[in-house]
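First to last, the sequence lines map onto chains A and B. The letter at position 49 of the first sequence is residue 49 when you use the working numbering, and the numbering goes up by one with no holes. The letter at position 106 of the second sequence is residue 1106 when you use the working numbering, and the numbering goes up by one with no holes. We treat Cβ as the ideally placed atom computed from N, Cα and C, and that holds for glycine. Structure first, commentary second.
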Amino acid sequence: KNEVEQSPQNLTAQEGEFITINCSYSVGISALHWLQQHPGGGIVSLFMLSSGKKKHGRLIATINIQEKHSSLHITASHPRDSAVYICAVRSNQGAQKLVFGQGTRLTINP
Amino acid sequence: GAGVSQSPSNKVTEKGKDVELRCDPISGHTALYWYRQSLGQGLEFLIYFQGNSAPDKSGLPSDRFSAERTGGSVSTLTIQRTQQEDSAVYLCASIPGLAGHNEQFFGPGTRLTVL
Chain A
1 KNEVEQSPQN
11 LTAQEGEFIT
21 INCSYSVGIS
31 ALHWLQQHPG
41 GGIVSLFMLS
51 SGKKKHGRLI
61 ATINIQEKHS
71 SLHITASHPR
81 DSAVYICAVR
91 SNQGAQKLVF
101 GQGTRLTINP
Chain B
1001 GAGVSQSPSN
1011 KVTEKGKDVE
1021 LRCDPISGHT
1031 ALYWYRQSLG
1041 QGLEFLIYFQ
1051 GNSAPDKSGL
1061 PSDRFSAERT
1071 GGSVSTLTIQ
1081 RTQQEDSAVY
1091 LCASIPGLAG
1101 HNEQFFGPGT
1111 RLTVL
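Right under this line is the structure:
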């Protein structure tokens, strides 16, 4: 079993729908990252969080440390949100490595 | 003011050759990561540099892989005696300050193809 599991692996929705992508992890963490990778390959860091909730524009990220679970939400989705969304965690055991989920491929149709 | 840059953007090499990949982080960023993304696979941590501290090399897949960061700025990832399984996109990310407290800024990657 991977240390970081994302669901769903693929998600197709219509423009305007509310999107939720989930990330579960099995290790103690010091931080969790959400990344966005566009079809051209470029990666952008969306959020880094260790507790609670963060919001940036139409994107919201939440984390529940006790349940070892995080969600990324997109409100009023748009075709330009189509990308692969990647969850990554940093262990709280002092190591600096990030462990990545396999990603969720999101397609928003107009 | 530019972001993280990597060179070359694409590299095709023959099996057994050595390759060197370069990362120019954002000026002033003290931490730097190298990652690898094989075709259809997720991102894989390779190595982490923080200031003048000894790097965390725990992700390097074999002793054919090495990396250095000169003067706390530019980093090079060297792969010796390349194998076909080394074909991947190699990504670099730099971080302002401590990695545990800051978001990462990714470069565009170098696509390595080993024939």
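Inset, instruction - Please classify B/GLN1050: does DSSP put it in a helix, a strand, or coil? - result: strand
Inset, instruction - For chain A, find out if any of its Cβ atoms is closer than 8 Å to the Cβ of B/VAL1019; answer yes or no. - result: No, no contact with chain A.
Inset, instruction - Take A/GLU5 as the anchor and find which of A/LEU11, A/SER26, A/GLY16, A/ASN64 has the nearest alpha-carbon. - result: A/SER26
Legend entry - CB contact flag (A/SER24, A/HIS69, <8 Å): yes
Inset, instruction - Please report the residue range of the beta strand (DSSP E) in which B/ASN1102 lies. - result: Per DSSP, B/ASN1102 belongs to no beta strand (DSSP E) and is neither H nor E.
Legend entry - B/GLU1014 (DSSP reduced to helix, strand or coil): coil
Legend entry - Contacting residues, own chain, Cβ-Cβ under 7 Å from B/ARG1064 (five flanking each side not counted): ILE1079, GLN1080, ARG1081
Inset, instruction - Tell me, to the nearest whole angstrom, how far the beta carbon of B/LEU1032 is from that of B/LEU1046; I am working on the premise that it is less than 8 Å. - result: The Cβ separation is near 11 Å, so there is no contact.
Legend entry - Under 7 Å from the C-beta of A/LEU98: neighbouring residues of chain B: PHE1045
Inset, instruction - Answer with yes or no whether the minimum CB distance from A/SER77 to chain B is below 8 Å. - result: Cβ-Cβ to chain B under 8 Å: no for A/SER77.
Inset, instruction - Taking A/ILE86 as the query, report the chain B residues whose CB atoms sit under 9 Å from its CB, ordered along the chain. - result: Close to A/ILE86, with beta-carbon spacing below 9 Å, are these residues of chain B in chain order: GLY1042, LEU1043.
Legend entry - Contact under 8 Å by Cβ, A/ILE19 with A/SER71: Going by C-beta atoms, A/ILE19 is not nearer than 8 Å to A/SER71.
Legend entry - Rounded C-alpha distance that separates A/ILE63 from A/ILE108: 24 Å
Inset, instruction - Could you tell me which chain A residues have their CB closer than 7 Å to the CB of B/VAL1012, listed as they occur along the chain? - result: Ordered by position in chain A, no residue passes the 7 Å Cβ test against B/VAL1012, which lies about 17 Å from the chain.
Legend entry - Neighbour flag for B/GLY1116 against chain A, beta carbons, 8 Å: Residue 1116 of chain B lies beyond the residue range present for chain B, which begins at 1001 and ends at 1115; the question has no answer from this structure.
Inset, instruction - Could you tell me if the beta carbon of A/PHE18 falls within a distance shorter than 7 Å of some heavy atom in the ligand FAD? - result: The ligand FAD is absent from the structure shown, which contains no ligands of any kind.
Inset, instruction - Would you list the one or two residues that DSSP bridges to A/HIS33? - result: A/MET48, A/ALA88
Legend entry - A/VAL84 and A/GLN37 closer than 8 Å at C-beta: yes
Legend entry - Closest residue to B/LEU1021 among B/GLN1104, B/CYS1092, B/THR1030 (Cα-Cα distance): Ranked by Cα distance from B/LEU1021, the options B/GLN1104, B/CYS1092, B/THR1030 are led by B/CYS1092.
Legend entry - Exposure label - B/VAL1114; buried when at least 16 CB within 10 Å: buried
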